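Residue numbers (the numbering used here), protein chains in the order written: chain R, 466 to 579; chain Z, 166 to 279.
Using N, Cα and C, we set each Cβ at its ideal position, and we do this for glycine too.
These numbers were taken from a predicted model, which means no experiment stands behind them.
These notes are about the structure you will find just below.
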C-alpha cells in the first residue's frame, strides 16, 4: 500500500513564526502536492512538484514556499505565519502526471496560528 | 478554467436508504473524474474513478457514471450504512491543468443514522 505521512497531526504556532510542514511518500512517486482544506471551500492547491527541485504554483501560493530536495520528501514552508493560514493542510502524491492517475493523501496537519 | 460543483450538504439519511450526491463539472477536452472520501480525522482516499465518457466507476457498493452529454458524475449507493458517514469530494483531472492538477468540489458531508 502507498503510504503518505505528514510530520504532525496538530500544530500550534504564533503569528510571525516560520513553519515547516513535512510530507514523505514511500512509493517513488514523481508528483507531490500541497493543499489546504477549509470549510465550504473544499481543497485548494497551494503548490505541486513533478520532480526533484521542480515546483509549480497552484491556485493559492501567496504566503507559502516549498522545497523538494529528495524525491520522497516535499516540504511546505510558511515564511511568516499569519492567522489566515490557520487551516488543515493535506499532502498528496501520484505516480505520474497521467490524467488517470490517483492521488494518495496523507492524514493532514491541522495548523492553528495564534 | 476547470471547475467542479457538487451538492451542498450535509445530507442526513437513515441506514439502508438510497444515496445520490450530485456532481457536475466544467472542463475542456476529456478529463478524468474521481470521487474521494474523507472519513473523520483522516486524509482523502480514492473511492472510484472513470476516465472516459460512459465509463462506470464502482467500489464498496458505490457507483458513478461519466456522462459527457450532461457533464455529470453523480455518486450513488443503493443502501447506505452508518460506516459510510464521511465527506465525499468529486474531482477532475483535465488537460487545461496539464493533467497535473486536480480540481476538487467543496465536499458533501453524509451522515447516516441507525
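key: Top-ranked residue by Cα proximity to residue 205 of chain Z, from Z/177, Z/248, Z/266   = For the purposes of this step, residue 205 of chain Z is taken as the residue at position 40 of the second chain. The candidate whose alpha carbon is nearest that of residue 205 of chain Z is Z/248.
request  = Could you pull the start and end residues of the beta strand (DSSP E) that residue 521 of chain R belongs to?
outcome  = Walking along the first chain from the start, residue 521 of chain R turns up at place 56. Element bounds for residue 521 of chain R: 519-522.
ask   = If we cut at 7 Å on Cβ distances, does residue 197 of chain Z have a partner in chain R?
value = Along the second chain, read from residue 1 onward, the residue named residue 197 of chain Z stands at position 32. Yes, residue 197 of chain Z counts as interfacial toward chain R.
inquiry  = Could you check whether residue 274 of chain Z and residue 196 of chain Z sit closer than 7 Å to each other, using their CB atoms as the reference points?
reply    = On the second chain, position 31 is the one that residue 196 of chain Z refers to. On the second chain, position 109 is the one that residue 274 of chain Z refers to. No; because the gap between Cβ atoms is not below 7 Å, this pair is not in contact.
query = What residue does the beta strand (DSSP E) around residue 477 of chain R start on, and which one ends it?
reply = Taking the first residue of the first chain as 1, we reach residue 477 of chain R at position 12. Here the beta strand (DSSP E) through residue 477 of chain R covers 475-478.
task = Tell me residue 575 of chain R's beta-bridge partners as DSSP assigns them.
result = Sequence index remark: in the first chain, residue 575 of chain R carries index 110 (1-based). Bridge partners of residue 575 of chain R: R/475, R/553.
ask   = Using a Cβ-Cβ distance under 7 Å, would residue 267 of chain Z count as near chain R?
value = Reading the second chain from its first residue, position 102 is the one you call residue 267 of chain Z. True, the Cβ-Cβ gap to chain R drops below 7 Å.
task = Within the same chain, show all residues whose beta-carbon is closer than 8 Å to that of residue 515 of chain R, passing over the 5 residues directly before and after it, in chain order.
result = Your numbering for residue 515 of chain R matches position 50 in the first chain. Result list for residue 515 of chain R: 495, 496, 521, 562, in chain order.
query = So what does DSSP say about residue 516 of chain R, is it helix, strand or coil?
reply = The sequence position of residue 516 of chain R within the first chain is 51, counting from 1. It is a strand residue.
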